[in-house]
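In the UniProt record's numbering, the protein residues as written are 1 to 378.
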């Protein structure tokens, strides 16, 4: 049977997701403070795995907060989880698996033998250009008084990277210190300036070494987390410039937005996704601001690992390039899209394009690569 993937995905209940995850190896689940289920990371573990795989029901998206570090839907999760067990399945097989576990039977039935698949492909391609239905989701907000708990002084670490006192104060960057918890505090606000989360840049070496450099902050019994896939950092400050210039530069980290605030002031048209992934919600937020040009400026790829062969490293580098192309495909049907890629060695490994200063960023902008619809659709 040929299934309608969108109809299958939209029909899934939380109970359906429980069934699917149980079958994939997460025998039970936890819950976060917003009522979102948390599962074992079956996406990159054949068994065991920590409870760091979150499911956001309204968005129909998973987010892995450990090794994967990105967002994906249930079909991609199935493909990844099966791969961990040595089973490679196609996208259509993943749809069929989900439909069967969830007991969904709607589809096109036996008529598939009479369907003109070339025509379907053409219509699906054309469909990408239709205006997508806007999904209006307002994230929960937090009481502003929590900001009074933080030390309102900038940390030398970020001052040493060239971010000014003025910018750090403007973006409400502070510091939080308690037994077993210490770090730079980064309030996150939505387009309407509502406080929707607070992230912490840990200053505890063991946490940083373990991969927990940036995490939601916990104060008392409250965890100030939010769905980063549904918000873009800095827009409450930069949206006017983005609307005025009709362009946006997308970084990974909050720090890059702060640096550009010092570089360009009121002409700062940047924002940050706080990961290496761009969600459909991110895209729709930016399109709603009337952007006509999108510049994707993710961090430079990592250095080779110890004992990693050059051939293997190049394979991984190509995978990273393909990932970026897939991100551009979210925008190419609607606007002009460019990628900032360091061919000249202007950046160190894992640097943001903003890390080496204004001149280097502008040089990378001059060397930007425009991505067409065909390229972005790999």
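Just so it is clear, CB atoms sit at the ideal spot from N, CA and C, and this is done for glycine as well.
(request) Please go through the same chain and pick out, in chain order, the residues whose beta-carbon is closer than 6 Å to the beta-carbon of residue 172, but skip the five residues on each side of it. (result) In the chain shown, residue 172 corresponds to position 172, counting from 1. For residue 172, where only same-chain residues beyond five positions count, the Cβ hits under 6 Å are 187.
(request) Enumerate in chain order the residues of its own chain whose CB-to-CB distance from residue 317 is below 6 Å, with the five nearest sequence positions on each side excluded. (result) In the chain shown, the residue the question calls residue 317 occupies position 317. Here the set comprises 301.
(message) Across the segment 275-285 and the segment 310-330, are there enough close Cβ pairs to call them in contact, namely three or more that are closer than 8 Å?
(response) Touching, per the Cβ criterion.
(message) Here's a check: name, in chain order, each residue in its chain whose Cβ is nearer than 8 Å to the Cβ of residue 81, leaving out the five neighbours to either side.
(response) Taking the first residue of the chain shown as position 1, residue 81 is located at position 81. Within the same chain, and ignoring the five residues on either side of residue 81 in sequence, the residues whose Cβ sits closer than 8 Å to its Cβ are 24, 25, 42, 43.
(request) Determine which residues share a DSSP beta bridge with residue 177 and list them. (result) The count along the chain shown starts at 1 and reaches residue 177 at position 177. Partner(s): 182.
(request) For residue 137, count neighbouring Cβ atoms within 10 angstroms of its own Cβ and tell me buried if that reaches 16, exposed if not. (result) The residue labelled residue 137 in the question sits at position 137 within the chain shown. Exposed is the call here.
(request) Check whether the segment 285-305 touches the segment 194-206, counting contact only when three or more Cβ pairs, one atom from each stretch, lie closer than 8 Å. (result) Result no; under three Cβ-Cβ pairs closer than 8 Å.
(message) Taking 6 Å as the limit between beta carbons, can you name the residues of its chain near residue 365, skipping five residues before and five after?
(response) Reading the chain shown from its first residue, position 365 is the one you call residue 365. Cβ within range, chain order: n/a, list empty.
(message) Can you tell me whether residue 349 is buried or exposed? The criterion is at least 16 other CB atoms within 10 Å of its CB, across all chains shown.
(response) In the chain shown, residue 349 corresponds to position 349, counting from 1. Within a 10 Å sphere around the beta-carbon of residue 349 sit fewer than 16 other beta-carbons, which makes this residue exposed.
(message) Looking at the secondary structure, which residues open and close the alpha helix (DSSP H) in which residue 208 lies?
(response) Here residue 208 corresponds to residue number 208 of the chain shown, with the count starting at 1. Looking at the DSSP string, the run of the alpha helix (DSSP H) that includes residue 208 is 205-209.
(request) Report yes if the C-beta distance between residue 239 and residue 289 is below 8 Å; otherwise report no. (result) Taking the chain shown and counting its residues from 1, the one referred to as residue 239 is at position 239. Taking the chain shown and counting its residues from 1, the one referred to as residue 289 is at position 289. Yes.
(request) Ignore the nearest five residues each way along the sequence and tell me which others in residue 228's own chain have a CB closer than 6 Å to its CB. (result) Here residue 228 refers to the residue found at position 228 when the chain shown is read from its first residue. Around residue 228: 274.
(message) Using CA atoms only, rank isn't needed, just tell me which of 164, 29, 16, 269 is closest to residue 153.
(response) Position 153 of the chain shown, counted from the first residue, corresponds to residue 153. From the listed residues 164, 29, 16, 269, the smallest Cα separation to residue 153 is found for 164.
(message) Helix, strand or coil for residue 196? Go by DSSP, reduced to three states.
(response) As a working mapping, residue 196 is identified with position 196 in the chain shown. The DSSP-derived three-state label of residue 196 is strand.
(message) The beta strand (DSSP E) that contains residue 369, what's its start and end?
(response) Counting from one through the chain shown, the residue named residue 369 turns up at place 369. Unbroken beta strand (DSSP E) run through residue 369: 369-371.
(message) At the level of alpha carbons, what is the spacing between residue 311 and residue 304?
(response) In the chain shown, residue 311 corresponds to position 311, counting from 1. In the chain shown, residue 304 corresponds to position 304, counting from 1. Spanning the two alpha carbons is a distance of roughly 10 Å.
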